[in-house]
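Notes follow the structure.
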Amino acid sequence: MSRLLRAVLFAGGASQRMGSDKALLRHANGDPWLVASVKLLRSVGLEVWVLSGHASHRDCLAGQSGVTVQAEPWAPAGPLQAFSCVLSEREDEAWLTLPVDMPGLRRSTLQSLLRHWRQAESQALVAEGGDDRLQPLFGVYPCGAHNRCALDQELAQGRGRWFGWLERIPYSTFLCPDRDLINVNRPDDLAALMR
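My numbering numbers the first residue of the sequence shown as 7 and each following residue consecutively.
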């Protein structure tokens, strides 16, 4: 059975460390990072759910085919809480997750990750850099009762940590080029990316 795969783009954060909305920063292609990320995900045939309560994000993506902007029903409380809005108990679905602040991700790396995951669809696949550091917000996560229950348990214990959830579910890792995994959180991260 091949699982229905869709994408979740996390864009609801406050961007406090950056000082401005990261989703609206300009990508090298001229688009806001939000639009560039959506285009990347759509280019591999995925329907995209953007999790964000920012009205500017809804406006930015208005009229884009295959894109749903969904606000969290509560105040933003991190990506795992946001992901709980879409992770179901259905055994025939999965979600590719991506944060909006990874503007270096290339289509070829995304395609490689998807091909690798299709070989073992029942298990999560998490991106890993060359330094053995996980980038868990870029990965593929199967839906299902076990993964949903584990997510609910992590949230109920008041931690809401993505790494805490990973300790509860089966996953493997996928080695990605470090340049694809650059996570931009601060102005100095952005300056380094532009060099």
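By construction, the Cβ of each residue, glycine as well, lies at the ideal position given by its N, Cα and C atoms.
Since the structure is predicted, the reported quantities are computational estimates derived from the model, not experimental observations.
Handout entry: Secondary structure of Asp150, DSSP reduced to three states
Key = Looking at the sequence itself, residue 150 is Gly, so the reference to Asp does not match. Secondary structure of Gly150 (DSSP, three-state): coil.
Practice task
Compute the beta-carbon to beta-carbon distance between Thr103 and Phe144, rounded to the nearest angstrom, for a pair I have assumed lies under 8 angstroms.
Solution key: Correct: roughly 7 angstroms between the Cβ atoms.
Exercise for the section: Work out the CA separation of Arg185 and Gly135 for me, nearest whole Å. Expected result: Their backbone Cα atoms lie some 9 angstroms apart in a straight line.
Problem - Enclosing beta strand (DSSP E) for Ala133 [first to last residue] - result: Unbroken beta strand (DSSP E) run through Ala133: 130 to 134.
Handout entry: Unbroken beta strand (DSSP E) run spanning Ser178, endpoints
Key = Annotation: the continuous beta strand (DSSP E) that includes Ser178 extends over 177 to 181.
Exercise for the section: Give a yes or no on whether the C-beta atoms belonging to Val146 and Trp123 are separated by under 8 angstroms. Expected result: Closer than 8 angstroms, so yes.
Handout entry: Residues bridged to Gln163 [DSSP beta-bridge criterion]
Key = BP columns for Gln163 are empty, so no partner.
Exercise for the section: Would you kindly report the start and end of the unbroken alpha helix (DSSP H) that includes Arg64? Expected result: 61 to 66 is the extent of the alpha helix (DSSP H) around Arg64.
Handout entry: Ordered list of beta strand (DSSP E) runs contained in the region 72 to 121, each at least 3 residues
Key = Whole beta strand (DSSP E) segments, 3+ residues: 73 to 76, 99 to 105.
Exercise for the section: Label Pro176 either buried or exposed according to how many other C-beta atoms from any shown protein chain fall within 10 Å of its C-beta, with 16 as the threshold for buried. Expected result: Exposed, by the Cβ-count rule.
Exercise for the section: Taking Ala126 as part of the beta strand (DSSP E), name the residues at either end of that continuous run. Expected result: Looking at the DSSP string, Ala126 is not in any beta strand (DSSP E), and its letter there is neither H nor E.
Practice task
Could you round the C-beta distance between Leu113 and Val50 to whole angstroms and report it? I think they count as a contact, below 8 angstroms.
Solution key: Residue identity differs from the one stated: residue 113 is Arg in this sequence, not Leu. Confirmed, about 7 angstroms.
Problem - Same chain, Cβ closer than 6 angstroms to Glu53, five either side skipped, listed in chain order - result: Here the set comprises Arg12, Gly72.
Exercise for the section: With a threshold of 16 other CB atoms inside 10 Å of the CB of Ser90, please say whether the residue is buried or exposed. Expected result: With 16 or more other Cβ atoms within 10 Å, it is buried.
Problem - Cβ-Cβ distance between Ala88 and Glu78 below 8 angstroms - result: The Cβ atoms of Ala88 and Glu78 lie closer than 8 angstroms to each other.
Practice task
For Leu140, I'd like the list of residues in its chain whose CB is within less than 8 angstroms of its CB, leaving aside the five on either flank, ordered along the chain.
Solution key: In the same chain as Leu140, and ignoring 5 residues on each side of it, the C-beta atoms closer than 8 angstroms to its own belong to Val132, Ala133, Glu134, Phe169, Leu172, Thr179, in chain order.
Practice task
With distances taken Cα to Cα, identify the nearest neighbour of Asp137 among Leu15, Leu40, Asn35, Leu181.
Solution key: Ranking the options by Cα distance to Asp137, first place goes to Leu181.
Exercise for the section: Taking 8 angstroms as the cut-off, decide whether the C-beta atoms of Ser58 and Ala17 are in contact. Expected result: For Ser58 and Ala17, yes; Cβs fall inside 8 angstroms.
Exercise for the section: Let me know the secondary structure DSSP gives Leu52 once reduced to three states. Expected result: Secondary structure at Leu52: coil, using DSSP grouped into helix, strand and coil.
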